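Residue numbers (the working numbering): 55 to 331.
The C-beta atom is built at its ideal place from N, Cα and C for all residues, glycine as well.
All figures in this text were calculated on a predicted structure; none of them were measured in a lab.
Working notes, beginning with the structure itself.
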Amino acid sequence: MDIAALKRDLDGIKIDDHPAIVQQKSRDFYWYSPVLKAQLDHVKGDLIVTPKNEDEVIRVLAACHRHGVPVTPRGSGTGNYGQAMPLSGGVVLNLAEMNAIKTIAPGRVVTGPGAVLAEIDKATRAHSSQELRMSPSTYNTASIGGFIAGGSGGIGSIRWGGLRDLGNVIRLRTVTMEAEPRVMELTGEEVLKVMHAYGTNGIITEVEMPLTASYDWIDVIVGFDDFMEAAGFGNDLAVQDGILAKLITPIAAPIPYDYFKRHQKFFRREQSIVVCM
Numbered sequence: 055m056d057i058a059a060l061k062r063d064l065d066g067i068k069i070d071d072h073p074a075i076v077q078q079k080s081r082d083f084y085w086y087s088p089v090l091k092a093q094l095d096h097v098k099g100d101l102i103v104t105p106k107n108e109d110e111v112i113r114v115l116a117a118c119h120r121h122g123v124p125v126t127p128r129g130s131g132t133g134n135y136g137q138a139m140p141l142s143g144g145v146v147l148n149l150a151e152m153n154a155i156k157t158i159a160p161g162r163v164v165t166g167p168g169a170v171l172a173e174i175d176k177a178t179r180a181h182s183s184q185e186l187r188m189s190p191s192t193y194n195t196a197s198i199g200g201f202i203a204g205g206s207g208g209i210g211s212i213r214w215g216g217l218r219d220l221g222n223v224i225r226l227r228t229v230t231m232e233a234e235p236r237v238m239e240l241t242g243e244e245v246l247k248v249m250h251a252y253g254t255n256g257i258i259t260e261v262e263m264p265l266t267a268s269y270d271w272i273d274v275i276v277g278f279d280d281f282m283e284a285a286g287f288g289n290d291l292a293v294q295d296g297i298l299a300k301l302i303t304p305i306a307a308p309i310p311y312d313y314f315k316r317h318q319k320f321f322r323r324e325q326s327i328v329v330c331m
């Protein structure tokens, strides 16, 4: 692994080797788990590389291949399993600046991998009263590329299913890490080869996602004295054809009281809840 030679080959591309920045960008929220914290606290890359377009991604991947430098892609770093952490050091490929929202059309949007989900929805709602079908709980900070590479579903899945269900990702553009990187366009079932692969078999450089009509969603928390009663309510609500739902999540006591600090005054410690949109 020749980092010095790599830096020379990446002249003109944004790089950062300041120790504090490298450590920050080598982290996600792995520390939520005491097991992962013990295993991953030492993990750190050698260099942060921030491409601004696909051509620069190709240059980076070719150079890293040439010099034997591992590459770990990073979106916003909101995962909590160490997915965006450089276990073997090397380059952390920070895709945050590839965040353009390129095209908005009826039923679809095309963006760069670094576009934040909340910003995509903001743009599509203003453009044509549309929104993404689903998003993770880290909606305000997570990138679309990271969601596809490391996520599985979330808010909206009660209506649209999992992220891997066909139709929930229209198209992906990816670049391979080889001596001569290849650019691939994936559609239909082909997108499943890259989804939830954490960037291990290709770097996502463009995303096309389906849109649906946007609504002014109403957030509701319903309390129950018995968890199975809460779960039954959630199931009954989910199958109602006349109710448009985006989120129906039963949560067992005492989790709501202990951890929902902003809402603690509204329920007792022994209550389970259903969070609804």
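Item, Value
"Continuous alpha helix (DSSP H) assignments of at least 4 residues falling wholly in the stretch 106-176", "108-121"
"Cα-Cα separation, residue 187 to residue 243", "18 Å"
"Closest Cα partner of residue 290 within the set 330, 269, 260", "330"
"Span of the alpha helix (DSSP H) around residue 332", "Coverage of the chain is limited to positions 55 through 331, which leaves residue 332 absent and any answer about it impossible."
"DSSP beta-bridge partners of residue 277", "327"
"Same chain, Cβ closer than 7 Å to residue 277, neighbours up to 5 away in sequence not counted", "321, 325, 327"
"For residue 58, three-class secondary structure by DSSP", "helix"
"Cβ-based burial, residue 74 [other Cβ within 10 Å; buried from 16]", "exposed"
"8 Å Cβ shell around residue 1 - same chain, five flanking residues per side excluded", "Given that the chain is displayed from residue 55 to residue 331, the structure contains no residue 1 and the question cannot be resolved."
"Host alpha helix (DSSP H) of residue 78 (start-end)", "73-79"
"At least three beta-carbon pairs within less than 8 Å, the stretch 237-253 to the stretch 265-281", "no"
"Other residues of its chain near residue 195: CB distance less than 7 Å, five sequence neighbours each side excluded", "130, 132, 170"
"Cβ separation of residue 228 and residue 248, assumed to be a contact under 8 Å, to the nearest whole Å", "6 Å"
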